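K.L.:
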Amino acid sequence: MLKKIVKTPPDNTGDLLKVNTLMSELVSQTASLIDIIIKQNPSFIGYQIERISKAEEQTCIVDGVQHLSVKALREWTELQSVLNAWKDFYAPLTASTKFVYRLPGFVTVNEEKETVLALVVTINTLKESIANTVRNNRDKHQRHDFIHSAFAGIMTEQLYRKIQIKTDHVNNVWFNWVSRPVPQTYTIEEAIVYIENKKNSPPIEFSATEWQARLAITINKVTSGRYKKIQKLKQFRLLPTIEFNLIKEGQKKRSKHNATTPFILLGQVNNVIPTFTALPDFNRENKAKKAPFIDRNKELIDNFLQLVGVR
1 MLKKIVKTPP DNTGDLLKVN TLMSELVSQT ASLIDIIIKQ NPSFIGYQIE RISKAEEQTC
61 IVDGVQHLSV KALREWTELQ SVLNAWKDFY APLTASTKFV YRLPGFVTVN EEKETVLALV
121 VTINTLKESI ANTVRNNRDK HQRHDFIHSA FAGIMTEQLY RKIQIKTDHV NNVWFNWVSR
181 PVPQTYTIEE AIVYIENKKN SPPIEFSATE WQARLAITIN KVTSGRYKKI QKLKQFRLLP
241 TIEFNLIKEG QKKRSKHNAT TPFILLGQVN NVIPTFTALP DFNRENKAKK APFIDRNKEL
301 IDNFLQLVGV R
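Using our numbering, you'd call the opening residue of the sequence shown number 1 and step up by one each time.
1) Verify whether the separation of the beta carbon atoms of Ile34 and Asn84 is less than 9 Å.
2) Determine the direct distance from the alpha carbon of Glu210 to that of His257, and round the result to whole angstroms.
3) Given Ile123, which residues of its chain have a CB within under 7 Å of its CB, disregarding the five upstream and five downstream residues?
4) For Ala150, tell me which candidate among Thr13, Glu78, Arg226 has the shortest Cα-Cα distance.
5) Give me, in chain order, the residues of the same chain whose beta-carbon lies closer than 7 Å to that of Thr185; leave out the 5 immediate sequence neighbours on both sides.
6) Using C-beta distances below 6 Å, list every residue in its chain close to Phe276, excluding the 5 sequence neighbours before and after it, in chain order.
7) Roughly how many whole angstroms lie between the Cα atoms of Arg254 and Leu246?
8) Count the other C-beta atoms from every protein chain shown that fall within 10 angstroms of the C-beta of Asn137, then say buried if there are 16 or more, exposed otherwise.
9) Buried or exposed for Lys166, going by 16 or more other Cβ atoms inside 10 Å?
10) Could you tell me which residues DSSP pairs with Phe263 in its beta bridges?
11) So for Lys140, helix, strand or coil by DSSP?
12) Buried or exposed for Leu126, please, with buried defined as at least 16 other CB atoms from any protein chain shown within 10 angstroms of its CB.
13) Give me the DSSP bridge partner(s) of Ala72.
14) Identify which residue in Ile37, Gln212, Asn220 has its Cα closest to the Cα of Lys199.
15) Under 8 Å Cβ to Cβ from Gln268, same chain only, skipping five residues before and after it: list those, please.
16) Return the chain-ordered list of same chain residues with a C-beta closer than 8 Å to the C-beta of Pro183, the five sequence neighbours on each side being excluded.
17) Reducing DSSP to helix, strand and coil, say where Leu126 ends up.
18) Report all residues from its chain with a CB closer than 7 Å to the CB of Ser69; omit the five preceding and five following residues, and keep chain order.
19) Please tell me whether Thr97 and Met23 are closer than 9 Å, where the distance is taken between their beta carbons.
20) Find the nearest neighbour of Phe175 within the set Glu285, Phe106, Arg284, Lys87, judged by alpha-carbon distance.
21) Which word fits Asp302, buried or exposed, when buried means at least 16 other C-beta atoms lie within 10 angstroms of its C-beta?
22) Leaving out five residues before and five after Ala208 in sequence, what residues of the same chain have Cβ atoms less than 6 Å from its Cβ?
23) With burial defined as no fewer than 16 other Cβ atoms inside 10 Å of the residue's Cβ, what is the status of Ala259: buried or exposed?
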């Protein structure tokens, strides 16, 4: 019989004070970074992606995003808007909070490189400290309640995402769209509860008896001891991407990332601006549907429930 682990209750009062102090420092350091870069009159490009409104939210959740317009930000008067993506932690009142906002792009930094690098390290460390404080002795539901009691309406993914830097010389940059499956992760116990709650709601494809038998088999697989956790594949999440062709140790290399906020390019030789392709508008009809990709350390447990075991 497994012994239940009793966690120390979280210190909400102390942690609230701590995350507020950390947040104040994060805002201050990010503002300093933006100010230093703006004063350099850098080369940059940013892509402002249309936000999904609250009115469109449910349709986009059920049917997927059909179209997103993209506006290129490249004029000097738009630099502040591009760099402000690093401190954009909240959604406008009219925007959906179910969809994370992203502003892909890059900015070249040719002066005060060590200061910029140090600020980015400090900012990313502060983000980690906030996340660690929020996680302290809290399950995922308690974490949600805690962070929103500290900062009502904050978009946690936008808060936690780090500022990215490339220190090698970049020749080319490509922007594009990709769709990836996003899983919901359960402990073994949570997965059993999830499956049990499905017992009284057989889909039209199954009789009640067939459904009960299928769920029994699924529970046996979940509790087989083969898996550390269980994931449920969700709808594909639409993501902008950025790919670099860079020179690393004299060799050409390619590096691809999710494009969330502008990358800082610190390694441009002779201040050369990389050539780049524009991020196009997204139109769903132009994108082929892809089957879910299952990693090698995962096994599909039930294709109807889209449950995957993680070894």
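Ideal Cβ positions, reconstructed from N, Cα and C, are used throughout, including at glycine.
None of the values given here were measured: they were computed from a predicted structure.
P.N.:
Taking the definition as stated:
1) Yes, the pair counts as a contact, with Cβ atoms nearer than the cut-off.
2) One C-alpha to the other measures close to 44 Å.
3) The beta carbon of Ile123 sits closer than 7 Å to the beta carbons of Leu26, Gln29, Thr30, Leu33, Ile163 from its chain, once the five residues preceding and following it are set aside; these are given in chain order.
4) Nearest option by C-alpha distance: Thr13.
5) Correct list, in chain order: Lys229, Gln231.
6) Cβ neighbours of Phe276 within its own chain (closer than 6 Å, five residues either side excluded): Val173.
7) Arg254 and Leu246 have their C-alpha atoms roughly 6 Å apart.
8) With fewer than 16 other Cβ atoms inside 10 Å of its own Cβ, Asn137 counts as exposed.
9) Lys166 is buried by the Cβ-count criterion.
10) According to DSSP, Phe263 shares a beta bridge with Phe106.
11) Helix.
12) Buried: at least 16 other Cβ atoms inside 10 Å.
13) Beta-bridge pairing by DSSP links Ala72 to Tyr47.
14) Of the candidates Ile37, Gln212, Asn220, the residue whose Cα lies closest to the Cα of Lys199 is Gln212.
15) Thr108, Asn110, His169, Val170, Pro274, listed in sequence order.
16) Gln231, Lys232, Leu233, Lys234, Val308.
17) In the structure shown, Leu126 sits in a helix (DSSP, three-state: H, G or I).
18) For Ser69, the CB contacts under 7 Å within the same chain, skipping 5 residues up- and downstream, are Glu50, Asp281 in chain order.
19) No; because the gap between Cβ atoms is not below 9 Å, this pair is not in contact.
20) Proximity to Phe175 across Glu285, Phe106, Arg284, Lys87 peaks at Phe106, based on C-alpha coordinates.
21) With 16 or more Cβ atoms within 10 Å of its Cβ, Asp302 is classed as buried.
22) Only Pro202 meet the Cβ criterion.
23) Ala259 should be labelled buried.
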